[in-house]
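Below: one structure, written as structure tokens.
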Amino acid sequence: MPTTSVEKRGHFLVVCESKSITIIKVCVHFALINPLYILLNTSPIAIILLPRTLIMHFFLTTVLFLSHCLYVSSTRCPPPLPPPPPPPPPECPPPESPPPPPEPCQCQPILSFLDQRLAVVYPIIQSFKALITSDPFGVTQTWVGSDICKYEGFFCDNPPDNKSALAVAAIDFNGFQLSAPTLDGFIDALPDLAIFHANSNNFSGTITPKIASLPYLYELDLSNNQLSGPFPTAVLGVTDLFFFDIRFNFFTGSVPQQVFVKNFDFLFINNNNFGMRLPTNFGSTTAAYITLANNKFTGPIPRSIGKAAASLTEILFLNNQLTGCIPYEVGFLKTATVFDAGENSLTGPLPSSLGCLEKVEQLNFAGNFLYGQVPEVVCELGNLLNLSLSDNYFTKIGPSCRKLVRSGVLDLRKNCIRELPDQKSPMECFLSCLFRHPCPFPATYGFVPCNKSASILHSSGSGRQRRSSVPIDNGGLSTKKP
């Protein structure tokens, strides 16, 4: 069955069939139709009145125009447009991706601790772990889980107040080389801590005053770190603390008097920046080992040092800025095995009272401004292994001292003893005499406060030897040389 379509092209209507097309030109010309329209809409009376010729003219013109405009021709339609291509088949949807795995739980797993005291310190340890900025040996990798007693550096024991409980009793970080900006909130927050050793790490900051609240702490070693500030007086409030070591840090200022009435056994504060004079109550200490070396202490060695005779075993004043004369009270240190006052600015003669240090093994006064004769009684000490008097201004020695020089026990290099090798120049020795400062109580330097007898040569005009008969008052102990 043929199909028909009508299309308007300007003033033409085009009728297309499947095999032919009839083009009908229909001109609707206003100029021609308008008169006809007027005629058709004019009343009959008016038309009668028009001349017949005029009416004929209108009709004839209209017929001719319509004949001219109406043109019918048959022509073939252009081939029909091809049908649109069928729509492409729908693409297969991509396979559904598997659902993402569930996110791991962000909550902390429930931990079971051997004791409630361990549960209390667990978050404290983890908070400190988060502060650590360097852990070259991976120590903190073991600080996981509830078995705190197996953390590297942590040790558990029964606390004194409950022998059936289990708590962190000791920490040993020695040599771990951990770095952290502070220890605050860690040491002071471990209520059952008795021992804390952290030698050779890189901990900074100060020692918190809260450390005084630890009831069981008795050993505190923070040596060789980056700690700073004034002397941490809070440690004086730790009741049972007897081992205190803050060597090789950056503490400054003075050392308070209370340090020397605290019941320390070990007091190591060397290699810091402490300064000012040593307290006059220095001898009140109960410590057996005191190291003050490599600081900036000034003034004399306190004469009260003799009061520490019952306890003091090793004392190091090495490399400070001490001045004045060596007090004869040093000779009362009957238990001392090491006395080191080298590299200071001490002056005067070497007191003969040093001959009473029967247990001493190391005596060091090198690098000072000592002068006079080396007392023979000192060179006769039976346990002496090293007597260093180099770089002073001694001028004379006796046979016992010469024997020690030959054996290598006594070092007298850089002095003013002309018969020995490697001495100072005569001019330097002469000039030293011009700047000598006299010592107070000069007679005491020949005094030997023990049962030894000694003849001490003094620089008197007659050159006679005489014995001292000066009464000595040493904290209630009165001694008089016969």
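Quick note: the sequence shown uses full-length UniProt numbering, first residue 1, plus one each step. Think of the CB as a built atom: it goes at the ideal place given N, C-alpha and C, for glycine as much as any other residue.
If you reduce the DSSP assignment to three classes, tell me which class residue i lands in.
i: F282; result: helix
i: Y328; result: helix
i: A170; result: strand
i: G185; result: coil
i: V374; result: coil
i: T291; result: strand
i: C433; result: helix
i: L131; result: helix
i: K396; result: strand
i: K403; result: helix
i: G408; result: coil
i: residue 486; result: What is shown of the chain runs 1 to 482, which leaves residue 486 out entirely.
i: N386; result: strand
i: R418; result: coil
i: R117; result: helix
i: V338; result: strand
i: S164; result: coil
i: residue 496; result: No answer is possible for residue 496: the residues shown for the chain start at 1 and end at 482.
i: P136; result: coil
i: S146; result: coil
i: C156; result: strand
i: L354; result: helix
i: A366; result: coil
i: G348; result: strand
Considering Cα atoms alone, identify which of the options is closest to residue i.
i: Y445; options: F317, G342 and S352; result: S352
i: A130; options: S204, W143, G306 and L118; result: W143
i: T182; options: Q141, P85 and N201; result: N201
i: Q373; options: Q177, L227, G382 and L389; result: L389
i: Y289; options: T313, V330 and L190; result: T313
i: E376; options: K424, G355, K414 and L217; result: G355
i: I269; options: F128, E152, R247 and Q141; result: R247
i: A309; options: P302, V238 and T286; result: T286
i: G306; options: N294, L318 and F339; result: F339
i: E152; options: P160, P88, G283 and F137; result: F137
i: L357; options: N281, N383 and G367; result: N383
i: T323; options: P438, G145 and S164; result: P438
i: L214; options: S97, Q116 and P159; result: P159
i: G175; options: R418, V139 and G253; result: V139
i: G205; options: F251, Y122 and P123; result: F251
i: P399; options: K414, P98 and C379; result: C379
i: F260; options: F282, F435, E419 and D240; result: F282
i: N344; options: N368, K334 and T291; result: N368
If residue i and residue j are in contact, beta carbons under 8 Å, what's the gap, nearest whole angstrom?
i: F297; j: N272; result: Contact flag wrong, Cβ pair sits at about 11 Å.
i: T208; j: D184; result: 4 Å
i: I397; j: L412; result: 7 Å
i: G299; j: L318; result: Their Cβ separation, rounded to whole angstroms, is 16 Å, which puts G299 and L318 out of contact at 8 Å.
i: P449; j: F332; result: 6 Å
i: L316; j: A293; result: 4 Å
i: S190; j: I124; result: As written in the sequence, residue 190 is Leu, which differs from the Ser given in the question. At roughly 7 Å, the Cβ-Cβ gap stays under 8 Å, so L190 and I124 are in contact.
Excluding the 5 residues preceding and the 5 following residue i in the sequence, name in chain order all residues of the same chain whose CB lies nearer than 6 Å to its CB.
i: S468; result: Its pLDDT being 31, under 50, S468 is placed unreliably in this model, and the coordinates cannot settle the point.
i: G275; result: K296
i: F243; result: E219 and F266
i: D221; result: H197, N199 and D245
i: residue 489; result: Any question about residue 489 goes unanswered here, given that the chain covers just 1 to 482.
i: I456; result: Low confidence applies to I456: its pLDDT is 40, below 50, so where it sits in the model is not reliable, and the reading given next is rough at best. Within the same chain, I456 has close Cβ partners S352 and G446.
i: S179; result: T133, S134 and N202
i: L236; result: Q258 and K262
i: C149; result: C156
i: I195; result: A170 and E219
i: Y371; result: Y393
i: A167; result: R117, P159 and D192
i: S254; result: M276
i: K403; result: none
i: G348; result: C325 and C439
i: T291; result: F268, N270 and L316
Might you give, ordered along the chain, the residues of its own chain that have their beta carbon closer than 7 Å to the beta carbon of residue i, omitting 5 neighbours on each side?
i: L385; result: E361, Q362 and V409
i: C416; result: Y393, F394, T395, Q423, K424 and C429
i: N263; result: F242 and T286
i: R303; result: P327 and E329
i: P256; result: F231 and T233
i: I211; result: I187, D188, A234, V235 and V238
i: S112; result: S146
i: T280; result: P302 and S304
i: P84; result: none
Using a Cβ-Cβ cut-off of 8 Å (strictly less than) and excluding sequence neighbours within five positions of residue i, which residues of its own chain qualify?
i: F365; result: I326, A341, G342, L346, L350, S388, L389 and N392
i: N249; result: L222, S223, N224, N225, Q226, L227, S228, N271 and N272
i: Y122; result: L111, F113, S146 and I148
*Enumerate, from N- to C-terminal direction, the unbroken beta strand (DSSP E) stretches of 3 or more residues contained entirely within the segment 189-259.*
Listed in chain order, the complete beta strand (DSSP E) runs (minimum 3 residues) inside the segment 189-259 are 195-197, 202-205, 219-221, 226-230, 243-245 and 250-253.
*Could you name each continuous beta strand (DSSP E) segment of 3 residues or more that falls completely within the segment 300-328, going from the start of the chain to the end?*
You should have 314-316.
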